[in-house]
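Since the structure comes first, as structure tokens, the remarks are kept for the end.
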Amino acid sequence: MLSESDLAHRVGASRTPVRAALLRLQDEGWITVYPRRGALVRDMGAQEAADISGARLVLEVSGVRGLGPQGRSAFAVEFAGILAEQEEAANRGDTSAFVDLDVRLHRGFVEGARNALLVDLYDRIRDRQSLMVARSLAVSDRIGAIISEHRELVGLVAEGDVAGFEHLLSVHIRRTHEGVVREAGNADTRV
1 MLSESDLAHR VGASRTPVRA ALLRLQDEGW ITVYPRRGAL VRDMGAQEAA DISGARLVLE
61 VSGVRGLGPQ GRSAFAVEFA GILAEQEEAA NRGDTSAFVD LDVRLHRGFV EGARNALLVD
121 LYDRIRDRQS LMVARSLAVS DRIGAIISEH RELVGLVAEG DVAGFEHLLS VHIRRTHEGV
181 VREAGNADTR V
């Protein structure tokens, strides 16, 4: 159990900013605060992982739908570089960089709509998405498949094939979710 006063002492701050930070972490779903007792770091449950996967699908498809022909061309050029960086990270065995580039690519799909609210909503689940991808990679050798799927997704965006994009993205996200559940042992355990 994390105590407000212990945390304040450790970081050399008063309890007020520590309390504010704990409340923010609770709002973001990372911890549960128990009044007068402390806080516990939350595990991600299988249902939460499914909820995040569903939200990602809605946000990313909405973003791609908002891209016009010029936006699609610019997107394809920009994300060719991200894909190359991601492949280099995979070749180096740099999982952290690989996950960061994964999140950057998927955030780019959302940015396509040029809707600040959609991007803000996506940013609220971004860290949990990173956690899901990292956990999925811990139990599967999907890095090559992920890169291939990313290339195909970017190609579908460039072609303006939103239906094809939505289908492949659904499969892509489901595979990540399955990896998270596998990493936890089964769908009923906490991940």
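Per full-length UniProt numbering, the very first residue in the sequence shown carries number 1; after that it's consecutive.
C-beta atoms are modelled at their ideal positions from N, C-alpha and C, and glycine is treated no differently.
No experiment lies behind these values; they were computed from the predicted model shown.
Discussion item. Just verifying my parser: in three-state terms, what is the DSSP assignment at ALA8?
Written reply: If DSSP states are grouped into helix, strand and coil, ALA8 belongs with the helices.
Worksheet entry | Among GLY108, LEU168, GLU48, MET44, nearest to GLY81 - alpha-carbon criterion | Comparing Cα-Cα distances from GLY81 to each of GLY108, LEU168, GLU48, MET44, the minimum goes to GLY108.
Item to complete: Measure the beta-carbon distance from ILE52 to ARG128 and round it to whole angstroms, keeping in mind my assumption that it falls under 8 angstroms.
Response: At roughly 5 angstroms, the Cβ-Cβ gap stays under 8 angstroms, so ILE52 and ARG128 are in contact.
Worksheet item: With distances taken between CB atoms, is the gap from GLU178 to SER136 smaller than 9 angstroms?
Response: A contact, by the Cβ cut-off of 9 angstroms.
Fill in: Spatially closest choice to GLU48 from SER96, MET132, SER5, by CA coordinates
It is MET132 whose Cα lies nearest to the Cα of GLU48.
Item to complete: Mind checking who THR176 pairs with in its DSSP beta bridge?
Response: Within the DSSP secondary-structure output, THR176 pairs in no beta bridge.
Worksheet item: Roughly how many angstroms separate the alpha carbons of MET1 and ARG124, rounded to a whole number?
Response: Cα to Cα, the separation comes out at about 25 angstroms.
Worksheet item: Which stretch, first to last residue, makes up the alpha helix (DSSP H) that contains residue 192?
Response: The chain is shown from 1 up to 191; residue 192 falls before or after that span and cannot be answered.
Worksheet item: For TYR34, which residues of its own chain have a beta-carbon under 8 angstroms away from its beta-carbon, when the five flanking residues on both sides are left out?
Response: If we look at TYR34 and ignore the five residues flanking it on each side, its Cβ neighbours are MET1, LEU40.
Worksheet item: Whole alpha helix (DSSP H) runs in the stretch 105–182 with 4 or more residues, listed along the chain?
Response: Listed in chain order, the complete alpha helix (DSSP H) runs (minimum 4 residues) inside the stretch 105–182 are 116–139, 143–159.
Worksheet item: Which one of HIS9, PHE75, ASP161 has the shortest CA to CA distance from ARG114?
Response: Comparing Cα positions, the closest option is PHE75.
Worksheet item: The alpha helix (DSSP H) with ALA74 in it runs from where to where?
Response: Element bounds for ALA74: 69–92.
Practice prompt. On a CA-only basis, which of LEU57, GLY155, GLY29, ASP100 is nearest LEU44? Give me that one, please.
Written response: For the sequence presented, residue 44 should be read as Met rather than Leu. Comparing Cα-Cα distances from MET44 to each of LEU57, GLY155, GLY29, ASP100, the minimum goes to GLY29.
Discussion item. Using the Cβ count rule (16 or more neighbours within 10 Å means buried), how would you classify GLN86?
Written reply: It is buried - the Cβ of GLN86 has at least 16 other Cβ atoms within 10 Å.
Worksheet item: Looking only at DSSP bridge pairs, what is ALA97 linked to?
Response: Beta-bridge analysis with DSSP links ALA97 to no other residue.
Worksheet item: CA-CA distance, SER14 and ALA20?
Response: Near 11 angstroms, if we compare the C-alpha coordinates of ALA20 and SER14.
Discussion item. Which residue wins for smallest C-alpha separation from ARG92, given the options LEU23, VAL61, ILE143?
Written reply: Per the Cα distances, ILE143.
Item to complete: For GLY38, I'd like the list of residues in its chain whose CB is within less than 6 angstroms of its CB, leaving aside the five on either flank, ordered along the chain.
Response: Excluding sequence neighbours, GLY38 sits near MET1, LEU2, SER3.
Worksheet item: Could you give the distance in angstroms between the alpha-carbon of ARG36 and the alpha-carbon of HIS106?
Response: A straight-line Cα-Cα distance of about 40 angstroms links ARG36 and HIS106.
Worksheet entry | Three-state secondary structure (DSSP) of ALA39 | Reduced to three states, the DSSP call for ALA39 is strand.
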